[in-house]
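For reference, the structure discussed in these notes is given below.
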Amino acid sequence: MENTILKSVDFDAYFGENHVVKKVNIEIPKNNVVAVMGPSGCGKTTFLRCINRMHELIEGASTKGKMLLNNEDVYEMHPIFVRHKIGMVFQRPNPFPNLSIYDNVIAGYKLNGMKMNKADKDVIVEQSLQKAALWNEVKDSLHKKGTFLSGGQQQRLCIARAIAMEPEVLLLDEPTSALDPISTSSIEVLLQELKKNYTLIVVTHNMQQAARVSDKTAFFYLGELIEYDDTKNMFTNPQDKRTQNYITGRFS
Amino acid sequence: MKPHIKYRLGKSKFFKAIVILLSTLCTVPLFLILFYILREGITRINWHFLVNLPKPVGEAGGGIANALVGSLLIVFFAALMAIPVGVMGGIYLSENKKSRLANLTRLAVDVLQGTPSIVVGIVIYFWIVKPLSTFSALSGSVALAIMMLPIVVRSTEETLKLLPASLKEAGLALGLPYQRVILRIVLPCGFSGVISGIILAVARIAGETAPLLFTAFGNPFFSTNIFKPMQSLPLLIFNYATSPYDEWHDLAWGAALILLLWVLLLNIITKITTRRWKIQF
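Protein chains in written order, with the numbering used here: chain X, 1 to 252; chain H, 1001 to 1281.
Printed below as a string of structure tokens:
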């Protein structure tokens, strides 16, 4: 594909002896939402955490193979640089409890010690919150602590914090699994907006969600990438028996 | 009601009563001490008592200004030495739960916590007082810093261990270098716990006498030179209470009350900081 932004080549990940991601080859096109689905323990979250090199922070974890961001191997860049380019949103909303909403959004700049004048900061905060569809709800309470927000708002705050750094790729690790249905649908709508500017990779164990939000879907099973195709094709005409079984709910 | 149920309810009530009785009993020693020291000490305390030096034997009045300032200085320098080392040690232990160095540090800290304070005093005597051939406030501070260190290390470690791992991950995923994640996110989030551990440690060493006996030594005069012997509250109490003079006993009672109030105040401050700076997740 000519507009590929991220590509893994024979990628393996391990926890000690445990081989959790096996020879994964995948190409992620730019400005797409790619859903990664599969049953629990199939390595999808681990694979996601390999993309921005969060996996290696766990003791005994290791990787093999190439992970190319714009044809540059992220495993040859400095991890801090990688994480500036590839943002991440976690399963549970985790805004910094010691910072205000405003400071949470610019945390990536502020805590990195980058000096900026107030006007620039205001612009980044407003734009990021607007992109995360949170601005209207919090614009009058920017200097309150982020932890006073509801779960769904906190998750959008985390999204704002990640996109404030202007990453090229945004990784979302089951971003709605800790949220109620209303917050979930507002985040799903948000993902559609975000793909105009960013490339999104969403891990989900919820098939309906994968079908609703994604352009392409990858199905992981027991650490292997079984099938990767346009979401429409995947859900209407799965090529692999195991994908078909999973989609029709014959195992979970 | 069936008799066996009555019997069980009776047993339950009896147990409750015992629990309440025994927990009340826990507060008795403190109140007795407070009452006794208040009764003996309160009449001696006035402004004059706080700002004047002790009078020679035979003269009534006099104060404990030298001991008060001495105690503040000695404890201040002890805290200055123990806090950075202790907090950093605590951070290391909370970050490295299983490494060999962490286990060794944990063991060393625990043993240090159990070391009798008089032993610490003697060791410092041979390490610092003898080579410099003078008693000094600084050697007292070192002894107290050693007493304080394990408390700070352990309280920092326990506080930071309780913080969710997601907090650190959030910082790392933003591309923050490790030291900034620790200093700007983890430490501020655990601030109330760390600071209350420090205050409790200060309260604890403020009353230590044994390590000061052959280090700071005591000084009947006013001194702020930390390289010379210095008076402190516990030393003053020890020396004056064991003296045969009534005037000196009076000073010791007053000093004891001041020391007790100091510890009480620090404990109250701890309670307030924990509540004020508690971080909500």
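We treat Cβ as the ideally placed atom computed from N, Cα and C, and that holds for glycine.
These figures come from a predicted structure and were not determined experimentally.
field: Which of helix, strand or coil DSSP assigns to M116 (chain X)
entry: Within the first sequence, residue 116 (chain X) is the residue found at index 116, counting from 1. Looking at M116 (chain X) - three-state DSSP - the assignment turns out to be coil, as it is neither helix nor strand.
query: Along chain H, which residues have their Cβ under 8 Å away from the Cβ of G108 (chain X)?
result: Here residue 108 (chain X) refers to the residue found at position 108 when the first sequence is read from its first residue. Within chain H, the residues near G108 (chain X) are L1174, G1175 and L1176.
- request: Run the CB neighbour count on A1017 (chain H), radius 10 Å, all protein chains shown included, and call it buried at 16 or more, exposed below.
  value: To locate residue 1017 (chain H), count along the second sequence from 1; it is residue 17. So A1017 (chain H) ends up on the exposed side.
field: DSSP-derived helix/strand/coil call for A1102 (chain H)
entry: Here residue 1102 (chain H) is taken as the residue at index 102 of the second sequence, counted from 1. Looking at A1102 (chain H) - three-state DSSP - the assignment turns out to be helix.
Span of the alpha helix (DSSP H) around T46 (chain X): Taking the first residue of the first sequence as position 1, residue 46 (chain X) is located at position 46. Looking at the DSSP string, the run of the alpha helix (DSSP H) that includes T46 (chain X) is K44 to I51.
query: Got a sec? Which residues, its chain only, sit under 6 Å from D317 (chain X) by beta carbon, not counting five neighbours each side?
result: Not covered by the structure: residue 317 (chain X). The range shown for chain X is 1 to 252.
query: If you measure from the beta carbon of L1167 (chain H) to each beta carbon in chain X, is any gap under 8 Å?
result: The residue labelled residue 1167 (chain H) in the question sits at position 167 within the second sequence. By this cut-off, L1167 (chain H) is an interface position.
field: Start-to-end residues for the beta strand (DSSP E) that takes in Y1125 (chain H)
entry: Position 125 of the second sequence, counting from 1, holds the residue named residue 1125 (chain H). Neither: Y1125 (chain H) is in no beta strand (DSSP E) and is coded neither H nor E.
field: Contact list for H55 (chain X) against chain H, beta-carbon separation under 8 Å
entry: Working through the first sequence from its first residue, we reach residue 55 (chain X) at position 55. The contacting residues do not exist; H55 (chain X) stays about 11 Å from chain H at best.
message: Along the segment 134–151 of chain X, where does the CB come closer than 9 Å to a CB of chain H? Name the residues.
response: K145, T147 and F148
- prompt: Does the distance from the C-beta atom of V1120 (chain H) to that of P1234 (chain H) stay below 8 Å?
  reply: As a first step, residue 1120 (chain H) must be located in the second sequence, where it is residue number 120. As a first step, residue 1234 (chain H) must be located in the second sequence, where it is residue number 234. No.
task: Only counting runs of 4 or more residues, tell me where the alpha helix (DSSP H) segments fall wholly within the segment 1226–1253 of chain H, in order along the chain.
output: 1233–1241
- request: Report the three-state DSSP secondary structure of G1058 (chain H) (helix, strand or coil).
  value: Along the second sequence, one-based indexing puts residue 1058 (chain H) at 58. If DSSP states are grouped into helix, strand and coil, G1058 (chain H) belongs with coil.
message: Considering only DSSP beta bridges, list what Q217 (chain X) is partnered with.
response: Within the first sequence, residue 217 (chain X) is the residue found at index 217, counting from 1. Sequence inspection shows Thr at residue 217 (chain X); the Gln mentioned does not correspond to that position. DSSP, once it has assigned bridges, lists X:A35 and X:D229 as partnering T217 (chain X).
task: Give the secondary structure of A61 (chain X) by DSSP, where H, G and I count as helix, E and B as strand, and everything else as coil.
output: Counted from its first residue, the first sequence places residue 61 (chain X) at position 61. Three-state result, A61 (chain X): strand.
- prompt: Starting from F1076 (chain H) and walking both ways along the beta strand (DSSP E), at which residues does that stretch end?
  reply: Position 76 of the second sequence, counting from 1, holds the residue named residue 1076 (chain H). Here F1076 (chain H) belongs to no beta strand (DSSP E); instead the alpha helix (DSSP H) covers A1065 to E1095.
- request: From the DSSP output, read off the bridge partner residues of K22 (chain X).
  value: Along the first sequence, read from residue 1 onward, the residue named residue 22 (chain X) stands at position 22. Paired residue(s): X:E224.
query: Quick one: what's got a C-beta closer than 6 Å to I1279 (chain H)'s C-beta in the same chain, skipping five residues either side?
result: Here residue 1279 (chain H) corresponds to residue number 279 of the second sequence, with the count starting at 1. Once the five neighbours on either side are set aside, the close Cβ partners of I1279 (chain H) are C1189.
- prompt: Looking at the unbroken alpha helix (DSSP H) that takes in S1155 (chain H), where does it start and where does it end?
  reply: In the second sequence, residue 1155 (chain H) corresponds to position 155, counting from 1. Looking at the DSSP string, the run of the alpha helix (DSSP H) that includes S1155 (chain H) is A1137 to K1161.
message: If I measure Cβ to Cβ from N237 (chain X) and keep anything under 6 Å in the same chain, skipping five residues before and after, which residues do I get?
response: By 1-based counting over the first sequence, the position of residue 237 (chain X) is 237. Cβ within range, chain order: n/a, list empty.
message: Can you pull the chain H neighbours of F90 (chain X), defined as C-beta to C-beta under 8 Å?
response: In the first sequence, the residue the question calls residue 90 (chain X) occupies position 90. Chain H residues near F90 (chain X): S1166, E1169, A1170 and A1173.
- prompt: Going along chain H in order, which residues have a C-beta closer than 8 Å to the C-beta of I80 (chain X)?
  reply: Along the first sequence, read from residue 1 onward, the residue named residue 80 (chain X) stands at position 80. Residues of chain H passing the Cβ test: G1175, L1176 and P1177.
One or two residues paired with P254 (chain X) in a DSSP bridge: Lying before the first or after the last residue shown, residue 254 (chain X) is absent from chain X, which here runs from 1 to 252.
message: Quick check on the DSSP output: the beta strand (DSSP E) that includes T147 (chain X) runs from which residue to which?
response: Along the first sequence, read from residue 1 onward, the residue named residue 147 (chain X) stands at position 147. That residue, T147 (chain X), is in no beta strand (DSSP E); it is neither H nor E in DSSP.
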